Amino acid sequence: MLSRDQALKALTTQSFDVLVVGGGITGAGVALDAASRGYSVALVERNDYASGTSSRSSKLVHGGLRYLQSFDLGLVREALLERQVNVHMAPHLVKPLKMVVPAFEGEHPDRLVGVALNMYDGLALPTLRSARKRKDAADVEPDPADWSPDRHREISGEEVVNLLPALKDRKPTGGYLFYDCQTDDVRLVLTVLEEACRWGAVVANRVNVTGLVESGGRATGVTAEISGGGEVTIKAAHVINATGVWADRLRPGELRDEAEVPRIRPSRGTHILIDRDLLPLNSGVIVPAGEGRSIFALPWLGRSLIGTTDNDYESESLENVPPSDTDVDYLLNAVNEFFETDLGPGDVAGAFAGVRPLIAPAEGKKSVDISRKAELYETSSGMITITGGKLTTWRAMAEMTVDRIVAREGADAPCRTRETALGRPINPEDLPRVEGVPDASYAALAGRYGKAAEGVLAVAAERGELAQPVVAGLDDILAEVVWAVREQQAATVADVLLRRTRLALLAGREAADIGSGVAARVADALGNELGWDEDRKALEVSAFIAEAEAEGVSVPAVPA
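According to the numbering used here, the sequence shown is numbered sequentially starting from 43.
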C-alpha cells in the first residue's frame with residue numbers, strides 16, 4: 043500500500059478507469075476485482091478503512107442458517123459457496139469454526155434442526171457430483187475446489203461439554219455439531235486492499251467525496267475534500283458507489299427518482315465481549331434469545347463474543363453508533379438464561395455496535411426479516427451503486443459490480459478473484475524469533491498477517507520496546523502500531539486500537555481508561571513515526587478517549 047501522501051499525489055495527477063467510493067469490504071473487493079482484470083483503479087474512503095459496518099460484524103463467514111427459515115435458499119447457497127472461496131483465498135484469515143446446537147434434560151437433538159443442517163450441508167456442495175463423491179468415495183482425495191467443512195453430525199453430551207465448557211453445569215445430553223467459518227473482519231478488509239494495491243490500485247483514506255463531476259451528463263470523476271488538504275478533483279471513467287449504509291446519500295435524488303432505489307434501512311447490531319474465564323467456549327453455539335430469535339456465542343481472539351441484536355436504527359447520525367443499554371441487557375439476559383450464569387455489565391470486557399445497509403422492503407417488516415441480498419443500481423450519470431449483502435459475499439458482490447463495467451465496455455475481462463490469494467499463510471513456527479516478543483504473539487501475528495508477519499517482527503527487532511505487548515496479557519505488540527503507520531496509512535490512536543488491532547474491543551474498559559496508559563503507549567509509538575511532540579500526543583490520546591466513549595466500547599459497570 044502506498045503511503046497516503048503518495049496516494050494523494052497519484053489521485054490528483056492521474057486519470058483512472060475505475061474510482062471506488064467506500065473503503066469497507068465491498069469497496070475493497072471491487073477495487074481488487076477491477077484491478078486484477080487490468081483496469082486502473084483508485085479507491086477513496088472518507089474516514090478510515092473499515093471504519094463503518096465492516097469492522098462491526100459478527101466476525102462470521104457463513105451461509106446464514108436462520109435464512110433457511112424464510113426459504114431464502116439462493117442467498118444461503120451463494121453465501122456457503124463464497125464461504126468456501128474465502129477459505130481458499132485466505133486460509134490464515136478465514137478459518138473453520140465448530141458450531142454446536144445442544145440438547146438438555148435427556149432430550150434428543152431436535153430433528154427439525156437436523157433437517158435444516160442436512161439442507162445446509164447440501165447447499166454447500168458446489169455440484170451434485172461433489173455429493174456423490176463424498177458419499178461413494180470418501181477415501182478419495184477431494185478436489186481442492188470442492189472444499190467444504192465436514193458434514194454435521196450428532197455428538198454426545200460429553201463432547202458438547204468439551205466444546206462448550208460453560209455448559210458443564212447444565213449437563214447437556216447431546217447435540218448437533220456443524221461448521222461455519224470465522225475471521226477478523228477489519229483484517230480481511232485490509233488484506234483485500236493490500237492485494238488490490240499489488241495489482242496496481244491506488245487507495246487513500248480520509249478523502250470525503252462531495253459530488254460527481256460530469257461531462258455530457260455522464261460521470262467523469264468526483265470532487266472530494268482531503269483531510270488537511272482542501273478540495274480536489276479525481277478523474278475516472280467509471281464511478282462506483284460502495285458506501286454501504288451511506289449509499290443513498292451520494293446523489294440521493296438520482297438514485298431514488300431514476301433507479302427507484304428504496305430507502306436504505308439501517309439495522310443496528312450490538313455485540314459484547316466477555317472474558318473467556320467467565321464464559322469458556324471452544325466452539326460457537328446458537329443461543330435462544332426469546333420470541334423465536336437466537337444469537338451466537340463464539341470464541342474470538344481469546345474472548346467470548348456475544349451477538350447480535352437486529353433492530354431498526356432510527357437516528358440520523360450514523361457516525362458513532364454505540365451499543366444501547368437495552369441491547370446489552372438483552373444479550374446478557376439471553377446468555378445468563380442459557381448458560382445459567384450471572385453475568386452483568388461489569389463483566390463486559392468490550393462492546394461494539396454497527397448498522398447494516400438493508401434495503402427497505404414494503405412497510406411492516408422488521409429488520410430481522412429483511413433479506414441480506416445485494417442490490418446493484420446504475421443511474422443516468424453512469425454511477426454504479428452496490429449495497430446490501432453481507433460480509434461473506436463480498437467477492438461475489440464485487441464480481442457482479444465489475445461485470446457491469448465490462449458489459450458496458452464490451453470488453454473481454456473475466457473475473458480472476460476466485461483464484462486470487464490474499465496474502466500468503468505461514469506456520470508460526472517458521473517465523474523468526476525476536477527477543478522480547480511473547481511466545482503467544484507468534485501465532486497471533488501469523489493469523490493476522492500471514493507471511494507479512496516477518497515484516498512486523500523486523501520492526502519489533504528495531505527497538506526493544508516495540509516487542510512488548512500493547513495491553514498486558516494480550517498478544518498485540520507495539521511493532522504492529524509502527525507497521526500500521528508505515529504500511530497501512532494508520533494516523534490516529536483509534537485507527538490502531540479500533541481497527542489495525544482490536545484491542546479497544548477486547549479490552550474496551552482498559553483502552554478507554556486514560557489512566558491505564560494503553561492509549562498513551564500507542565500515541566508514543568505513532569508519534570515517533572509521525573513526528574508528534576508531547577502536546578500532540580496528549581491531544582491524540584484525548585481524541586481517542588472521546589471516540590471510544592462515543593463508540594461505547596466500555597460498558598458502564600452500573601448502567602446509568
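We put the CB at the ideal spot given by N, CA and C, even for glycine.
A quick note: this is a predicted structure, and the numbers were derived from the prediction, not measured.
Helix, strand or coil at residue i [DSSP, three-state]
i: S69; result: Reading off the sequence, residue 69 comes out as Gly, not Ser. In the structure shown, G69 sits in a helix (DSSP, three-state: H, G or I).
i: S584; result: helix
i: K493; result: helix
i: S78; result: helix
i: V573; result: According to the sequence provided, residue 573 is Gly. The question's Val does not apply to it. In the structure shown, G573 sits in coil (DSSP, three-state: anything other than H, G, I, E or B).
i: N469; result: coil
i: D319; result: coil
i: E273; result: strand
i: Y355; result: coil
i: P184; result: Only weak support is given to the placement of P184: the predicted model assigns it a pLDDT of 46, under 50, and the question is left unresolved by the model.
i: N250; result: strand
i: Q510; result: coil
i: A179; result: Any reading at A179 is ruled out, since the residue's pLDDT is 48, under 50, leaving its predicted position unreliable.
i: K407; result: Summary for K407: the model assigns pLDDT 46, below 50, so the residue's position carries little reliability; its value from the coordinates is reported in the next sentence. Residue state, collapsed to three classes: coil.
i: R212; result: helix
i: E296; result: helix
i: A266; result: strand
Distance, residue j Cα to residue i Cα
i: F220; j: V535; result: 39 Å
i: G242; j: R458; result: 15 Å
i: S357; j: G71; result: 29 Å
i: Y419; j: L167; result: 30 Å
i: I282; j: L122; result: 26 Å
i: R578; j: A521; result: 21 Å
i: N570; j: G199; result: 54 Å
i: V595; j: G259; result: 45 Å
i: A73; j: H280; result: 12 Å
i: K407; j: A561; result: Caution is warranted here: a pLDDT of 46 is assigned to K407, below 50, making its placement in the model unreliable, and the coordinate value is therefore given only provisionally. Roughly 42 Å between the two C-alpha positions.
i: L209; j: R195; result: 19 Å
i: W436; j: D290; result: 19 Å
i: M442; j: G430; result: 13 Å
i: A480; j: D517; result: Strictly speaking, residue 480 in this sequence is Pro, with Ala absent from that position. About 7 Å.
i: V448; j: G66; result: 22 Å
i: A187; j: I426; result: Its pLDDT being 39, under 50, A187 is placed unreliably in this model, and the coordinates cannot settle the point.
i: A49; j: G392; result: 34 Å
i: E256; j: N128; result: 37 Å
i: A554; j: A599; result: 13 Å
i: P341; j: R318; result: 8 Å
i: L170; j: D222; result: Its pLDDT being 47, under 50, L170 is placed unreliably in this model, and the value from its coordinates should be taken loosely. Distance between the alpha carbons of L170 and D222: 21 Å.
i: R79; j: R466; result: 21 Å
i: G334; j: N375; result: 15 Å
i: G452; j: R528; result: 40 Å
Within 8 Å, strictly: CB atoms of residue i and residue j
i: T275; j: R310; result: no
i: G20; j: T95; result: Examination of residue 20 is not possible in this model, given that the chain is present from 43 through 602 alone.
i: S82; j: D59; result: yes
i: A312; j: L373; result: First, the residue type needs correcting, since residue 312 is Thr and not Ala in the sequence shown. Going by C-beta atoms, T312 is nearer than 8 Å to L373.
i: K140; j: L44; result: no
i: L165; j: R119; result: yes
i: L548; j: L230; result: no
i: L487; j: L473; result: yes
i: R293; j: L254; result: yes
i: N247; j: D75; result: no
i: A145; j: P214; result: yes
i: A238; j: A77; result: yes
i: I468; j: A495; result: yes
Residue from the options with nearest C-alpha to residue i
i: T68; options: T434, G148, H313; result: T434
i: V264; options: P470, G430, K277; result: K277
i: M131; options: L581, D518, R460; result: R460
i: R46; options: V62, N570, V86, A73; result: V86
i: D227; options: E417, K432, T252; result: K432
i: D211; options: N378, E124, R240; result: N378
i: S584; options: A514, A565, E296; result: A565
i: A416; options: S112, R108, L102, G116; result: G116
i: Y491; options: A503, R450, T543; result: T543
i: I268; options: I519, A158, V251; result: V251
i: I328; options: A514, F380, Y162; result: F380
Boundaries of the beta strand (DSSP E) in which residue i is found, first to last residue
i: R335; result: Segment: none, R335 is in no beta strand (DSSP E) and carries neither H nor E.
i: F146; result: Note, F146: premise wrong, no beta strand (DSSP E); not H, not E.
i: C239; result: Per DSSP, C239 belongs to no beta strand (DSSP E); it is in the alpha helix (DSSP H), 227-240.
i: Q224; result: 216-224
Residue i, enclosing alpha helix (DSSP H) - first and last residue
i: K51; result: 46-55
i: E529; result: 521-530
i: E417; result: From DSSP, E417 is part of no alpha helix (DSSP H) but of the beta strand (DSSP E) over 416-420.
i: V448; result: 436-451
i: R119; result: 115-131
i: V370; result: 367-381
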